[in-house]
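Using the working numbering, you'd call the opening residue of the sequence shown number 51 and step up by one each time.
Below is one structure; the comments refer to it alone.
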Amino acid sequence: MFSAALSRKTAIVTFTWGIEMTYCTPYLLQLGLTKSKTSLVWIAGPLSGLIIQPLIGVIADRSRSKWGRRRPFMIVGSFVVATCLLVLGWTTEIVNMFVKDAEKARNVTIALAVLSIYAVDFAINVVQACCRSLIVDTLPIPLQQTGSAWATRMTAIGQLIGYVIGSIDTVSIFGAIIGDTQFKQMTVIAAMSLVGAVFVTSYAVKERVLVTARDSDDKAGTLQVISQLVKTTMDLPPRIQAICWAQFWAWIGWFPFLFYSTTWVGETYFRYEVPKDATQPADMLGEVGRVGSLSLVVFSSMTFIGSVLLPFCVQPPDSKRPRFTPRPPPGLASLLKKVMGIRPDLQTTWLISHVMFAATMIFAPFARSRAVATFLVALCGIPWAVTCWAPFTFMGIEINKLAMNPSQSSRSSGVTMITSSSLLSGGPSTYSDRTNDTEMDVLRLNHHDPDSDSDIEDGVSNIPSTGELAGIYLGVLNVYTTLPQFLGTFISWIVFSVLEPGSTKRDDSAQDSQWMNLDKSTPNAISICLFIGALSAIVAVEATRRMRYTL
């Protein structure tokens, strides 16, 4: 259950991401941006991931704060996210307080909304990077799959909670106490939940503290950190490189799905099912959000079911002999043996998830009703559960293996490792428990396999710390997650510019914009983006298959 407690903050981080993905695209369209310009706004996601997560990973690895290496960044990041979410919800009101001219106010509102989205993306990447690193720091190899599986379950729970709340008319429940629109109320709920969850986790986790650092760390500035990241990315161990390439191709497909699926379901509904002469709702943004959220409720339910059941149906990676001798009842022994024999390994499961995603999204351009669109989105819940789980499990295992083989990790990444000799000589760095800073006890993050033979001399293990590797290698994985999002953004921009080049029309005399007046005869540009993503997932199938032959 420690893995569950360690991962619970992931649920709220995902909930916050869900608010942004559900409402911000239609919100920007409502303000008057074209789809092509809106797609460029979403460079914020990959840009923040590319810069922030690796940078924070390395900086946190070297942090000597008495509060720990990860938690200070999590707390500050959560406060920034909460503040910017509230600014995003009340952008129009804030701008109208200072700008009286209607046209200038409209442009400033768009600019402030875009800046708020960028700030949310950058800050939430800080929180997310530290959340993942805590799991790798804390859990040994046998529990890496369990930890990643629990993180996936919490991700699904966070999505499910967010989309369930988003599908409900919260204004009719809460009134105008926390905002007069659905979007405002969702930003308030997300801000309060994130800050609360981070504080609870920060209080509960017992984190190691770096009490003395290498001399090189004191001299290392931002350029040195970036140089180390580039060097590590360009010279990865073969197995980690293979994992990263599989992640790269998969995320070209997942990017348009995650950012546009809500808008796609809403557009499909208003494009093909709502009569043109129908009266538009007063809160069109809230209506689109509720329609899209309902489909994502089913998606998240499938993700949660998959995250709970799949780990029991998949062979743990690098599983050796059992910790105990299994003695099932004689009547079940043969059945259990057959079941255990047909369980796929995690790599095969990841490969099948790419196939399932590709086979589903290929049909996106043919959806002509909300029911069909919802069905396609829901089917993607299973492959998404595997995507949130498999790459981090593989990376956690490889990081721990590198920690047990310091010569390999030093050659591959240029990361200086802690060794027993340096500890005994008062060298590079030592760790202390956060609750006992004054005793200077050496508490190190050695996640070696208790079944393996390790060289122990004079009671000191010669196995380096995983804490120094977790931040940088998970940061590298994040680079391979964010670079395809840049490519996905560029592809989306081209598709939107060609198929839907016009501006969204804003009727200033109405309570809301007319941006959902869609023509059935025109192609749905978002569905084309989803189709292209399916083609990329096919490439991810081959990249994942090749992992089996990479040592």
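The C-beta atom is built at its ideal place from N, Cα and C for all residues, glycine as well.
task: Please name the residue, chosen from Thr133, Val158 and Ala414, that lies closest to Ile582 on a Cα-to-Cα basis.
output: Closest by alpha carbon: Ala414.
query: Grouping DSSP H, G and I as helix and E and B as strand, with all else coil, what is Asp285?
result: DSSP places Asp285 in coil when its eight states are reduced to three.
Rounded straight-line distance, which links the Cα of Leu78 to that of Val158: Each residue's alpha carbon lies about 13 Å from the other.
field: Cα-Cα separation, Arg461 to Asn450
entry: Because Arg461 sits at a pLDDT of 47, beneath the cut-off of 50, its placement in the model cannot be relied upon, and the following sentence gives the value as read from the coordinates. Arg461 and Asn450 have their C-alpha atoms spaced approximately 16 Å apart.
task: With a 10 Å radius around its C-beta and 16 neighbouring C-beta atoms as the bar for buried, classify Val548 as buried or exposed.
output: Exposed is the call here.
- prompt: With 16 other CB atoms within 10 Å as the buried threshold, where does Leu83 fall?
  reply: With 16 or more neighbouring CB atoms inside 10 Å of its own CB, Leu83 falls in the buried class.
- request: Below 6 Å CB to CB, which residues in the same chain sit around Ser198 once its five sequence neighbours on both sides are set aside?
  value: Take Ser198, set aside five residues on each side of it, and the residues of its chain with a beta-carbon closer than 6 Å to its own are Trp439, Phe442 and Thr443, in chain order.
- prompt: Can the beta-carbon of Arg595 be found less than 7 Å from the beta-carbon of Leu401?
  reply: Taking 7 Å as the Cβ cut-off, Arg595 and Leu401 qualify as a contacting pair.
message: Run through the DSSP bridge pairs and tell me what Asp219 is partnered with.
response: DSSP output for Asp219 lists no bridge partner at all.
Helix, strand or coil at Asp187 [DSSP, three-state]: Reduced to three states, the DSSP call for Asp187 is helix.
task: State buried or exposed for Thr480, treating a residue as buried only when at least 16 other CB atoms are found within 10 Å of its CB.
output: Summary for Thr480: the model assigns pLDDT 41, below 50, so the residue's position carries little reliability; its value from the coordinates is reported in the next sentence. Around the Cβ of Thr480, a 10 Å sphere holds 16 or more other Cβ atoms; the residue is buried.
- request: Enumerate in chain order the residues of its own chain whose CB-to-CB distance from Ala155 is below 7 Å, with the five nearest sequence positions on each side excluded.
  value: Counting only Cβ-Cβ distances below 7 Å, and skipping sequence neighbours, we find Val145, Asn146 and Val149.
query: If you draw a straight line from the C-alpha of Trp200 to the C-alpha of Ser357, how long is it?
result: So the two alpha carbons sit approximately 8 Å from each other.
- prompt: How would you call Asp171, buried or exposed, if buried means at least 16 neighbouring beta carbons within 10 angstroms?
  reply: Classification for Asp171: buried.
- prompt: Just reading off the alpha helix (DSSP H) that Pro433 is part of, what are its end residues?
  reply: Taken as a continuous stretch (DSSP letters only), the alpha helix (DSSP H) holding Pro433 covers Gly431 to Thr437.
message: Suppose contacts are defined by Cβ-Cβ distances below 7 Å. Is Val245 in contact with Ser98 by that definition?
response: Inclusion of Val245 and Ser98 in the CB contact set at 7 Å is not warranted, their separation being larger than that value.
- request: Indicate the three-state DSSP secondary structure (helix, strand or coil) for Asp171 in the structure shown.
  value: Asp171: helix per DSSP, three-state reduction.
- request: Answer with yes or no whether the minimum CB distance from Ser547 to chain B is below 7 Å.
  value: The structure shown contains no chain B; it is built from a single protein chain.
message: For Phe362 and Gly303, I'd like the C-alpha separation in whole angstroms.
response: Taking the straight line joining both Cα atoms gives about 27 Å.
task: For Glu323, count neighbouring C-beta atoms within 10 Å of its own C-beta (all shown protein chains included) and say buried if the count is 16 or more, exposed if not.
output: Result: exposed.
- request: Please determine if the segment 335-355 and the segment 65-73 are in contact, where contact requires at least 3 C-beta pairs separated by less than 8 Å.
  value: In short, these stretches touch, since the Cβ pair count reaches three.
query: Residue range of the alpha helix (DSSP H) that Asn146 falls in?
result: Segment Thr141 to Phe148, the alpha helix (DSSP H) holding Asn146.
message: Taking the alpha carbon of Phe233 as the reference point, which residue from Ala296, Asp285, Val338 and Phe407 has its own alpha carbon closest?
response: Restricting attention to Ala296, Asp285, Val338 and Phe407, the CA atom closest to the CA of Phe233 is found in Val338.
message: Starting from Trp400, trace the alpha helix (DSSP H) in both directions and tell me its first and last residue.
response: Start and end: Leu396 to Met411.
field: Delimiting residues of the alpha helix (DSSP H) encompassing Phe249
entry: Per DSSP, the continuous alpha helix (DSSP H) segment holding Phe249 begins and ends at Gln232 to Ala254.
query: If Ala584 and Trp299 are in contact, beta carbons under 8 Å, what's the gap, nearest whole angstrom?
result: With a Cβ gap of about 12 Å, Ala584 and Trp299 do not count as contacting.
- prompt: Are there 16 or more other CB atoms within 10 angstroms of the CB of Val280, so buried, or fewer, so exposed?
  reply: That one is exposed.
query: How long is the line joining the alpha carbons of Ala247 and Pro433, rounded to whole angstroms?
result: Near 27 Å, if we compare the C-alpha coordinates of Pro433 and Ala247.
task: Please report how far the alpha carbon of Met597 lies from the alpha carbon of Ser277, in whole angstroms.
output: About 28 Å.
task: Locate the alpha helix (DSSP H) running through Gly583, then write down its first and last residues.
output: Element bounds for Gly583: Ala575 to Met597.
query: Alpha carbon to alpha carbon, how far is Ile576 from Thr220?
result: Answer to the nearest angstrom: the Cα atoms are 28 Å apart.
field: Environment of Lys85 [buried if 16+ CB atoms lie within 10 Å]
entry: For Lys85, the number of other beta carbons within 10 angstroms of its own is at least 16, and it is reported as buried.
field: N-terminal and C-terminal residue of the alpha helix (DSSP H) that Lys116 is part of
entry: Where Lys116 is concerned, there is no enclosing alpha helix (DSSP H), given that its DSSP letter is neither H nor E.
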